[in-house]
Amino acid sequence: MVFDTLSERLEKFGSSLKSRGRISPEDLDRALGDVRAALLEADVELGVVRGFLTAVKERLGGDVLSRSLTPGQQVIKAVHEQLIEVLGSSPLKITYASKPPTVILLAGLQGAGKTTTAAKLANWFKAQGRQPFLVAADLQRPAAVEQLRVLGSQIGVDVFSELANPVEVARRGVAEATRLGRDVVIIDTAGRLSIDAALMAEVGDISATTTPHYTFLVIDSSTGQDAVATAKTFHDTLELSGVIVTKLDYDSRGGAVLSAQGVIGRPVVFASTGEKMSEFDLFHPDRMASRILGMGDVMSLIEEAERNMDADVMADTASRMMSGVFTLDDFMSQMNQVRKMGSMGGLMRLMPGVTKEMRQAADNVDEKQLDQVAAIVSSMTKEERRNPTIINGSRRTRIAHGSGTTVPAVNQLLNQFTQMQKMMKQMAGGNMPNVPGLGKMAQLAARGAAARGGDLSSMEGLEAALARRPGAIVAPTSGGPKNKKKKGGRVTPPKNR
Amino acid sequence: MIALVVVATVALLFAAFIAVRRRQTRVARESLPSARAAMPSVLVHDIAARPDLDALDETLGSRLSSSRSVFDRVRSLGAGTLTQEQLDTVEEVLLRSDVGLPTTTSIVEHLRRDGAPEGVAVAVRSALRSSLTSASRELSTAVEVGRVPVWLFVGVNGVGKTTTIGKIATRRVAAGSKVVLAAGDTFRAAAAEQLSLWGERSGADVVRANEGADPSSVVHDAVERAFARGADLVLADTAGRRHTSSNLLDELSKVRRVADRAPGQVTETLMVLDATTGQNALSQAREFLAAAQVTGIVLTKLDGTARGGIVVAIEHGLGIPVKLIGIGEGPEDLVVFDPDTFVDALLEA
């Protein structure tokens, strides 16, 4: 299996060249061979891969590479930019019909997730302050209407259906929505194969009857090479306005998205990432590009942080950490902020450089374990929290009793905390701690901040630290086999590293 | 566990740090002459040099339309050593069928080494054929005396588990078997209704519980009922689950354990796989194999344009045989997998 992400492979390519100083065309071919393998691994369609490589080569044409001191970075940059270009530069803006309702038609293969997507989309419009209305025109699959009814009642959106042919159901559904004064109508249709002429004609009829403002193809993110053929046929019949990609929570890299988009030239508009109704949002091409490259999704992380965290608390703790002070109180307030952001697993997914083992371990973190940590810390006195070194044997026993845990659990927490403190000190001293993903995180965050027009002076410390420790950029060194044995095992390096 | 909190905390701290910074800079932005100018040159995008995408699209379109006849051309070529161009064509055909790069490369290397003494077509076919497993493709109902065979169906969301069970039930009942269906998908809205409708259609008995119930208990009840009524087979549905969540995989392991307890005996654990799935299917198969001891694959939706080449990689890499394929909506469209036909279909496209 491929362990390295594309970005890691390319970093390696870059560092292997440093000693030689010049890049030969063969070196570049080898690097692009890696890109090709990674794209195919991510299920990007072969034709799209070919065009992609040609375009990347053009980007790297001339003396771009020979002038650069970091050729690996240059290749990554070119690939990343090309990905964004292919995926489309910005999310589509939904404009609402001047004469409501705005009609949206969903189509796709069986099992792509249309029914769930219909409900999620309705939920999204509701959050935008609209009054959505669902029409269940999937009369093919047993209990599909029932499924949409259940989902509809969960999110508080009315569902229309009746026993008629799908075209008639869709027409009456839109009429009903108009009568009720709803401003968005979402029509769920039956899954159909692109080569099934009769069913394709049927969905064409639905489209002709209801004249939708938007027609979305719903496509599973783990789809392989076939995504292109499917997207083409649906586009020919329905004039798609965009694509909705589903099940992005799997470890698939979503190359299908890239292919479908590359061939029909329509943007991916929404992405559905999980089974919860809220796990659905506008699609961000730049983030998908990072994801295909295996670079995490720092921008989403930052947005999440902005949405959920108390900026003042964070700024306060951050400045304390940077000055090298870090107490158990700080740790607690950090942990509470982290928990506000949602599940550990979800967070880990957004973080660059995090290994699969760590992600899985994080997926399985029980909230109860976090409660236990909180209990241990709150069972300490103020003095103990400020200065944990005074915690001796009898204090440990007391804390264990007080928190309903055991002395080993208290010991473990204290040990981990000491490690963490050490890392904070290192960071304050301008050294990056050897935490997987952290270096890359800082790097990308800096880039992200820059791209958004922020100034870089705030990142100077980090940048400097990165420059001093180039090895830290790719540093999942401790995340390897050690982690496999023990879920959530120690990921900080041994002391004497 | 705590270590994860540490990593998450530190990383989030950066995120928050930047978020705070951004808020501050947003206020101070007007006073900055140009943020772009202050950036290191490596970060400034070179917008001028964008390649022409239209030209790219055109070649893609013509490539797509021509790819269908590519293999026909190769097939007509003679015996002997394969040229690089021929090998490239073989590679293209395999990659386009989702066979995947590692398996494709191994097949192409095999061809390069051994040549094609009896013609290219024969060589490619036999290379593909030999990457498929030699394990049995029979579906087993062989149990110890006094036990009921259980077939457990697993897979990610939306691959067609419930539909596959419905089809098998219809055919088994029509052939005179007494079948009990266990509605073990207690998660998805209306999944039990869907299975119940199949039960009504096929005449199989359905055991179901409320949404959110423990799937193991549903399967257990179904086995008990099957045993009490002297049924011949239990078909157990499970909720679609992502293969990356160990909690859900653990739940699946438990369902399998419970189903395998007397009087039940799991004789088949079938992973249902959508033929349109790409390289991700390999990790699906690996995880489900580990969690539920998968004995075979049901490859669904082969009637579309997808060719399901990824099963070559699964058979080649993991040795799990494909046992059934779905080639249409009707119960009669679920048929036994025939490797030779499959290989031909893969190449003829």
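Those sequence lines, one after another, are chains A and B.
Taking the working numbering, the leading residue of the first sequence gets -13, the next gets one more, and so forth.
Taking the working numbering, the leading residue of the second sequence gets 253, the next gets one more, and so forth.
For every residue, glycine included, the Cβ atom is placed at its ideal position computed from N, Cα and C.
What you are looking at is a predicted structure, and each value in this text was computed from that prediction instead of being measured.
Per the Cβ contact rule, the region 81 to 100 of chain A is in contact with the region 198 to 209 of chain A (3 or more Cβ pairs under 8 Å).
Within the region 439 to 479 of chain B, the complete alpha helix (DSSP H) segments of 4 residues or longer fall at 443 to 454, listed in chain order. Secondary structure within the region 123 to 193 of chain A: the beta strand (DSSP E) runs of 3 or more consecutive residues, fully enclosed, are 170 to 175 (chain order). For B:A558, a Cβ of chain A is located within less than 7 Å of the residue's own Cβ. DSSP places A:P11 in the uninterrupted alpha helix (DSSP H) bounded by P11 to E27. With a threshold of 7 Å between beta carbons, A:Q211 makes contact with chain B. Non-local beta-carbon contacts of B:I420 in its own chain, meaning distances under 7 Å to residues more than five positions away in sequence, involve L487 and L586 in chain order. Using beta-carbon distances, B:A441 counts as an interface residue toward chain A, with a partner under 7 Å. Under the 10 Å beta carbon count, B:S468 is surrounded by 16 or more other beta carbons and is classified as buried.
According to the DSSP secondary-structure assignment, B:L339 is paired through a beta bridge with no residue. Around A:K233, the beta-carbon contacts reaching into chain B at under 7 Å are N409. With 16 or more other CB atoms across the displayed protein chains lying within 10 angstroms of its CB, B:N532 is buried.
The Cβ-Cβ distance between A:T101 and A:A130 falls below 7 Å. Here B:G412 is buried: its Cβ has 16 or more other Cβ atoms, across all protein chains shown, within 10 Å.
Exposure of A:H387 is indicated by the presence of fewer than 16 other C-beta atoms within 10 angstroms of its C-beta.
A residue is called buried once 16 or more other Cβ atoms fall within 10 Å of its Cβ, and A:E31 is buried on that count. Under the Cβ criterion of 7 Å, B:T416 is not counted among the residues facing chain A.
Nearest Cα to A:T175 within the set A:Q140, A:K112, A:T216 and A:A98: A:A98.
The beta carbon of B:D526 falls within 7 Å of a beta carbon belonging to chain A, placing the residue at that interface. Along the region 115 to 140 of chain A, the positions whose C-beta sits under 9 Å from a C-beta of chain B are Q126, R127, P128, A129, A130, V131, E132, Q133, L134, R135, V136, L137 and Q140, read in chain order. Membership of A:F38 in the alpha helix (DSSP H) is indicated by the continuous run L32 to R45. Rounded to the nearest angstrom, the gap between the Cα atoms of A:D315 and A:S147 is 56 Å.
B:R513 is outside the set of residues whose beta carbon lies under 7 Å from a beta carbon in chain A.
The beta-carbon of A:I362 is placed no less than 7 Å from the nearest beta-carbon of chain B.
Within chain B, the residues G410, D526, T528 and T529 have their CB atoms less than 8 Å from the CB of A:D206, given in chain order.
Note: B:G516 is bridge-paired with B:V400 in the DSSP secondary-structure output. Around the beta-carbon of A:P374, 16 or more other beta-carbon atoms lie within 10 Å, marking it buried. Residue-level contact check: A:L179 touches chain B, since one or more beta carbons of chain B fall below 7 Å from its beta carbon. Spanning the alpha carbons of B:D526 and B:Q545 requires a straight line of approximately 19 Å. In its chain, beyond the 5 residues on either side, K419, T422 and R423 have a beta carbon closer than 6 Å to the beta carbon of B:P583.
Distance from the CA atom of B:L447 to the CA atom of B:T415, rounded to whole angstroms, is 8 Å. Excluding five sequence positions before and after A:I181, the CB atoms of its chain that fall closer than 8 Å to its own CB belong to T219, given in chain order.
Sequence-distant partners of B:V425 (beyond 5 residues in either direction) whose C-beta falls short of 6 Å from its own C-beta, in its chain, are V431, S454, G455 and A456. A:I62 sits away from A:A108, with the two beta carbons spaced by 7 Å or more. Residue burial annotation: A:A28 is buried, with at least 16 other C-beta atoms found within 10 angstroms of its C-beta. Within its own chain, the residues whose Cβ lies closer than 6 Å to the Cβ of A:V214, once the five positions on either side in sequence are excluded, are E31, S245 and V249, listed in chain order.
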